[in-house]
Amino acid sequence: MFGTITARDLAARLDRGDESYVLIDTRPAESYDSWRVTGAENVPFGPAEGLSDDQRDRITELADGDEVLTICGKGATSTRLASELDADGFSDVSVVTGGMRAWNELYETATVETASDDLIVRQFQRRAKGCLSYLVGSERAGEAIVVDPTRHTDQYITTAAEHGLQITGVLDTHVHADHISGGRELATRLDVPYYLGEKATERDLAVDFEPLSDGETLSIGNNEIETLATPGHTTEMVAYRVDDVVLTGDSLFLDSVGRTELEFGEEGAEAGARMQYETLHDTLLELPDELIVLPGHVTVHDDGTYATAEPGELVGAKLGDVHARLDLVDLDEDAFVERMIDNIPEKPDNYETIIAINRGVASTENDTEATTLETGANNCAA
């Protein structure tokens with residue numbers, strides 16, 4: 053009889069360097085090539101298939117006597133393959149329950165070390181998508197705000213409670229295009245204000261929010277959270293600076309900058325790119341080099357690895373170091389704009405629907421539909 057393993061158990065085995073298994077991904081090659089668990093091997097297997105000799109031989113070769121784990125999109129096809137392998141005499145087979153959908157909902161957390169003895173900053177990493185969100189709190193005041201929460205909102209409430217903090221506000225840096233924001237839901241659930249940059253008033257949002265203007269501050273205990281207008285990725289994009297950290301959303305990543313055509317369309321990408329150039333050179337790169345940049349995403353490669361860290365390690369770096377590694381930001385304005393509009397990456401899956409949901413003009417019927425919309429890594433970097 054074959055067994056089961058959770059996505060969390062798989063992550064733990066991967067992180068500790070366990071090499072006693074082979075992970076067989078049964079999805080079609082194009083799905084596997086675009087996004088997969090690190091180390092997975094592709095053996096396409098359809099829902100109505102039986103185990104062929106070629107598939108058996110391939111899996112036998114890959115396993116070389118080790119345990120076989122199977123994974124697919126939702127867990128159904130990989131369960132069928134596990135049953136076939138079990139019937140064929142494979143003695144150690146398990147299915148990753150929930151498949152890639154369950155993998156897509158795993159989170160890791162990291163602590164941000166700041167110069168303040170009062171400030172608490174926790175980074176939440178949505179492991180497979182690379183979405184980053186934050187809890188920022190004052191230990192003495194017992195208050196906290198959440199920045200860029202995803203729709204899995206329980207984790208922010210739980211983490212705040214673990215630190216003895218009460219969430220008093222929820223902030224989004226912008227209207228997200230790659231995942232469904234949990235900002236409105238969390239704010240409504242806790243009956244606290246929901247904030248966006250003031251330019252969000254120009255995006256026909258059908259949701260209530262408190263607009264934050266450039267330079268406006270919010271207080272968390274004795275800590276001031278300063279709003280910085282950083283348009284480019286979107287018109288309403290803002291960053292939030294508190295003490296020696298700056299939460300840059302999708303305006304500045306550790307290895308890239310935010311793309312500029314998701315809101316504006318490709319015909320408006322140039323205008324967005326010029327906004328992005330001004331944001332970088334007149335706002336973000338004018339900040340002290342010692343500030344810690346905490347971005348809204350980390351790049352997740354097709355093979356599931358992070359570009360700038362390991363899952364559970366802090367995704368953050370000093371602004372001076374980020375600047376030094378990005379040759380893009382040292383181009384003159386015309387060259388920068390040309391680079392941005394000539395190298396437009398593939399758009400995030402379902403981005404138009406996700407933007408509509410985050411604007412409040414569309415909704416999902418259930419959690420399954422939301423999960424389907426969000427499947428796959430983020431793709432908001434230029």
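Under the working numbering, the final residue of the sequence shown carries the number 434; numbering is consecutive throughout. Cβ atoms here follow ideal geometry from the backbone N, Cα and C, with glycine treated the same way.
### Query
Within 10 angstroms of its Cβ, does D200 collect 16 or more other Cβ (buried), or is it exposed?
To locate residue 200, count along the sequence shown from 1; it is residue 148. When all chains shown are included, D200 counts as buried.
### Query
Cβ of L238 versus every heavy atom of the ligand SAH: is any distance shorter than 6 Å?
Annotation note on the ligand SAH: not contained in the displayed structure, which lists no ligands.
#### Entry: DSSP state of D355 mapped onto helix, strand, coil
What you label residue 355 is simply residue 303 of the sequence shown in a count that begins at 1. Reduced to three states, the DSSP call for D355 is coil.
### Query
Candidates D230, H226, R311, L242: which alpha carbon is nearest Q218's?
Mapped onto the sequence shown, residue 218 falls at position 166. Q218 has its Cα closest to that of L242, out of D230, H226, R311, L242.
### Sheet register partners of A291 (DSSP bridge)
Residue 291 sits at position 239 when you count from the first residue of the sequence shown. A291 pairs with L280.
### C-beta contact flag for V350 and G234 at 7 Å
The residue you call residue 350 lines up with position 298 of the sequence shown. The residue you call residue 234 lines up with position 182 of the sequence shown. Contact: no.
### Three-state secondary structure assigned by DSSP to E322
Your numbering for residue 322 matches position 270 in the sequence shown. Correct three-state label for E322: helix.
### Task
For G235, name the three-state secondary structure that DSSP assigns.
Translated into the one-based positions of the sequence shown, residue 235 becomes position 183. Three-state result, G235: helix.
### Message
Once DSSP output is grouped into helix, strand and coil, what is the label at R132?
### Response
As a working mapping, residue 132 is identified with position 80 in the sequence shown. Helix at R132.
#### Entry: Closest by C-alpha distance to L94, when choosing among L103, R110, A100, T360
Numbered from 1 along the sequence shown, position 42 holds the residue referred to as residue 94. Note on residue identity: the sequence assigns Asn, not Leu, to residue 94. When only C-alpha atoms are compared, the closest one is R110.
### Query
Contact between the stretch 72-84 and the stretch 116-129: three or more CB pairs below 8 Å?
yes
### Top-ranked residue by Cα proximity to D266, from V259, E254, N275, T282
In the sequence shown, counting from the first residue as 1, residue 266 sits at position 214. Selected option, being the one with the closest Cα: T282.
### Message
Which residues does DSSP list as the beta-bridge partners of F176?
### Response
For this step, residue 176 is matched to residue 124 along the sequence shown. Paired residues: T161, S185.
### Query
Alpha carbon to alpha carbon, how far is T112 from L133?
As a first step, residue 112 is located in the sequence shown; it is residue number 60 there, counting from the start. As a first step, residue 133 is located in the sequence shown; it is residue number 81 there, counting from the start. Each residue's alpha carbon lies about 13 Å from the other.
### Task
May I ask which residues mark the beginning and end of the alpha helix (DSSP H) holding R360?
Locating residue 360 in the sequence shown gives position 308, counting from the first residue. The sequence shown places Thr at residue 360, not Arg. Counting along the chain, T360 falls outside any alpha helix (DSSP H), and DSSP gives it neither H nor E.
### Message
Classify Y275: buried if its beta carbon has 16 or more other beta carbons within 10 angstroms, exposed otherwise.
### Response
Reading the sequence shown from its first residue, position 223 is the one you call residue 275. A small correction: the amino acid at residue 275 is Asn; Tyr does not occupy that position in the sequence shown. Label assigned to N275: buried.
### Query
Along the chain, which unbroken stretches of the alpha helix (DSSP H) at least 4 residues long are found entirely within the stretch 372-398?
385-394
### Task
Below 8 Å on the Cβ atoms is my guess for L314 versus A229; work out the distance and round it to an integer in Å.
On the sequence shown, position 262 is the one that residue 314 refers to. On the sequence shown, position 177 is the one that residue 229 refers to. Rounded, the Cβ-Cβ distance is 5 Å, consistent with contact.
### Query
Between which two residues does the beta strand (DSSP E) harbouring L75 extend?
Walking along the sequence shown from the start, residue 75 turns up at place 23. 73-77 is the span of the beta strand (DSSP E), which, as asked, contains L75.
### Nearest neighbour of T163, chosen from G364, A414, I393 [CA to CA]
Along the sequence shown, read from residue 1 onward, the residue named residue 163 stands at position 111. The shortest Cα separation from T163 among G364, A414, I393 belongs to G364.
### Query
So who's on the other strand from Q107, going by DSSP bridges?
What you label residue 107 is simply residue 55 of the sequence shown in a count that begins at 1. Bridge partners of Q107: none, in fact.
### Limits of the unbroken alpha helix (DSSP H) element including L62
Working through the sequence shown from its first residue, we reach residue 62 at position 10. Its alpha helix (DSSP H) spans residues 59-67.
### Query
CB E288 to CB H226, shorter than 7 Å?
Here residue 288 corresponds to residue number 236 of the sequence shown, with the count starting at 1. Here residue 226 corresponds to residue number 174 of the sequence shown, with the count starting at 1. Contact flag set, yes.
### Task
Tell me where the beta strand (DSSP E) around T166 begins and ends.
For the purposes of this step, residue 166 is taken as residue 114 along the sequence shown, with counting starting at 1. Neither: T166 is in no beta strand (DSSP E) and is coded neither H nor E.
### Message
Let's see if you can read the secondary structure: which residues bound the alpha helix (DSSP H) around T300?
### Response
Start at 1 with the first residue of the sequence shown, and residue 300 comes out as number 248. Element bounds for T300: not the alpha helix (DSSP H) but the beta strand (DSSP E), 297-301.
### Task
Determine the contact status of Y329 and F261, defining contact as a CB-CB distance below 7 Å.
For the purposes of this step, residue 329 is taken as the residue at position 277 of the sequence shown. For the purposes of this step, residue 261 is taken as the residue at position 209 of the sequence shown. No. Outside cutoff.
### Presumed contact (8 Å Cβ cut-off) between L336 and T300, rounded CB distance
As a first step, residue 336 is located in the sequence shown; it is residue number 284 there, counting from the start. As a first step, residue 300 is located in the sequence shown; it is residue number 248 there, counting from the start. Indeed, because the Cβ distance is near 7 Å, the residues count as touching under 8 Å.
#### Entry: CB-CB length for S86 against D354, believed under 8 Å
Locating residue 86 in the sequence shown gives position 34, counting from the first residue. Locating residue 354 in the sequence shown gives position 302, counting from the first residue. Contact flag correct, Cβ pair sits at about 6 Å.
### Query
Where does S203 land, buried or exposed, given buried means 16+ other C-beta within 10 angstroms?
Position 151 of the sequence shown, counted from the first residue, corresponds to residue 203. The question names Ser, yet the displayed sequence has Arg at residue 203. The residue in question, R203, is buried, as its Cβ has 16 or more Cβ neighbours within 10 Å.
### Query
Apart from the five residues on each side of it in sequence, which residues of its chain come closer than 7 Å, Cβ to Cβ, to F97?
Start at 1 with the first residue of the sequence shown, and residue 97 comes out as number 45. Answer for F97: T78, Q107, T129, L133, listed in chain order.
### Query
Hey, how far is the Cα of E385 from the Cα of E278?
In the sequence shown, the residue the question calls residue 385 occupies position 333. In the sequence shown, the residue the question calls residue 278 occupies position 226. Taking the straight line joining both Cα atoms gives about 27 Å.
### Sequence-distant residues of its chain with Cβ nearer than 7 Å to F316 (five each side left out)
Mapped onto the sequence shown, residue 316 falls at position 264. Result list for F316: A323, G324, in chain order.
### Message
Contact criterion: CB-CB distance below 7 Å. Does A429 meet it with respect to chain C?
### Response
In summary, chain C is missing from the structure at hand, where a single protein chain is found.
### Query
Just curious, the beta strand (DSSP E) that A196 is in, first and last residue?
For this step, residue 196 is matched to residue 144 along the sequence shown. Segment 195-199, the beta strand (DSSP E) holding A196.
### Task
Identify whether L223 lies in helix, strand or coil by the three-state DSSP scheme.
Along the sequence shown, one-based indexing puts residue 223 at 171. Residue state, collapsed to three classes: strand.
### Task
Starting from L425, trace the alpha helix (DSSP H) both ways and give me its first and last residue.
What you label residue 425 is simply residue 373 of the sequence shown in a count that begins at 1. It spans 419-426 - the alpha helix (DSSP H) in which L425 sits, taken as one unbroken run.
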